[in-house]
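Below: the structure, in structure tokens.
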Amino acid sequence: MNERKKVAWAYAGLTLMTLIIGFSFIFVKIALRHAPPSDLLAHRFTTATIGLIIYYVFNRRKRPGIKRENIPALLALSLFYPLLLFGFQTLGLKYTSASEAGIISAVTPIITLVLAALFLKEKNTPVQILFVLLSVSGVIYIMYRNGITAITGASMKGNMLILLSVISIAIYYVMGRKANKQFNSMDITFFMSLTACIVFNCAAVAMHVKSGNLAHYFDAFKNPGFLWPILYLGILSTFLTSFLGNNALSVIPAAQVSIFNNFSPVISVFGGVFFLNETLKGWHIIGGILVLGGIIGVNYFRK
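Per my numbering, numbering through the sequence shown is continuous, rising by one, with the last residue being 307.
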């Protein structure tokens, strides 16, 4: 496959990834009705890892090609994504709305832009920077119209945790840009999922042992309302999106990959309205248009 086709497929994958992640906030909120954050993270990555193992079983020509000397670099990458990202995100969604979480996540591109310029020496044109600011202005506008309570009210703790998840994913985009030039995208995805599966399951089991209710570890699976969300989060929103993101980072600059993150909150807002009965306001639509315009502009005027 030539370079132009690789880039085209990478952008198509990013579009699909953005849609899946946008709705993931909704499914996390639904899943949290049936399981605490620690159990949800453990079950999510167990599901993702099982999905990856099945993939390798049916693709016998492909096996994880991770060497011992590569493990430290991949562990460092896995610390920020998925460990810190999903840890902060899942805890944050316990205290804030899906809409607000999606909106705060939209500041990812500007953080990535700065980090990529500092550590990867990626250069962006003045026009691209203006479109990044346009996208971020959409986020600021929605937050302003939502009111100051969105920042200082009862949801402040959740919003701060979501912001920490944003910083984690921005660091991952920068580190992942280098890693995906050295390693196979599927191998990175498998390593990250397996690492998260082990860490989050150990943490969840320890919490159950401490509480004396280890026998209830899998209770959430007895509820049909938990099954579809965990399958969505594990297979689509973890396994598939991790692969699509890693694949994109192998051919597209980190700042351009991260700008797609800004469309996810628009999807989250509308998803929150339709599935969680959250309120849609006119400023959500206006802010969404600004965000989408910024995404299109950054990638249209790419070098």
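Yeah, the Cβ is synthetic: ideal placement off N, Cα and C, and Gly gets one too.
The Cβ neighbour count for residue 132, taken over all protein chains shown within 10 Å, is at least 16; the residue is labelled buried.
The beta strand (DSSP E) runs of length 3 or more contained entirely in the segment 164 to 246 do not exist; there are none. Rounded to whole angstroms, the gap between the alpha carbons of residue 257 and residue 237 is 26 Å.
A straight line joining the alpha-carbon of residue 48 with that of residue 278 spans about 24 Å. Its Cα nearest to that of residue 114, the residue 144 stands out among 144, 92, 61. In this chain, the alpha helix (DSSP H) harbouring residue 10 covers 7 to 35. In this structure, the CA atom of residue 36 is about 23 Å from the CA atom of residue 83. Residue 85 and residue 200 have their C-alpha atoms spaced approximately 9 Å apart.
According to the DSSP assignment, residue 70 belongs to no alpha helix (DSSP H), since it is labelled neither H nor E. Nearest to residue 271 by C-alpha distance, out of 292, 301, 123, is 292. Going by DSSP, residue 262 is part of the alpha helix (DSSP H) stretching over 258 to 263. Per DSSP, the unbroken alpha helix (DSSP H) holding residue 90 starts and ends at 89 to 96. Membership of residue 123 in the alpha helix (DSSP H) is indicated by the continuous run 112 to 123.
Going by C-alpha positions, residue 42 is about 37 Å away from residue 11.
For residue 260, the number of other beta carbons within 10 angstroms of its own is at least 16, and it is reported as buried. Following the DSSP letters along the chain, one finds residue 52 inside the alpha helix (DSSP H) bounded by residues 41 to 62. Going by DSSP, residue 85 is part of no alpha helix (DSSP H) at all; its letter is neither H nor E. Rounded to the nearest whole angstrom, the C-alpha separation of residue 125 and residue 177 is 14 Å. Closest in alpha carbon position to residue 171, among 98, 205, 250, 117, is 117. For residue 302, the three-state secondary structure derived from DSSP is helix. Here the alpha carbon of residue 181 sits roughly 29 Å from the alpha carbon of residue 162. Taking residue 164 as the centre and dropping the five residues before and after it, the same chain places the C-beta of 96 closer than 8 Å to its C-beta, in chain order.
Straight through space, the alpha carbons of residue 60 and residue 141 are spaced by roughly 43 Å. Comparing alpha carbon positions, the residue from 187, 283, 221, 250 closest to residue 15 is 250. Short of 8 Å from the beta carbon of residue 305, and not among the five residues preceding or following it, lie these beta carbons of its own chain, in chain order: 129, 131, 132, 135. The Cβ atoms of residue 44 and residue 224 lie closer than 9 Å to each other.
In the three-state reduction of the DSSP assignment, residue 128 falls in the coil class, being assigned neither a helical nor a strand state. Separation of residue 202 and residue 208 (C-alpha to C-alpha, rounded to the nearest whole angstrom) is 10 Å. Contact between the segment 22 to 38 and the segment 229 to 247 is present: three or more C-beta pairs spanning the two stretches fall below 8 Å. Note on geometry: alpha-carbon atoms of residue 63 and residue 78 lie some 23 Å from one another.
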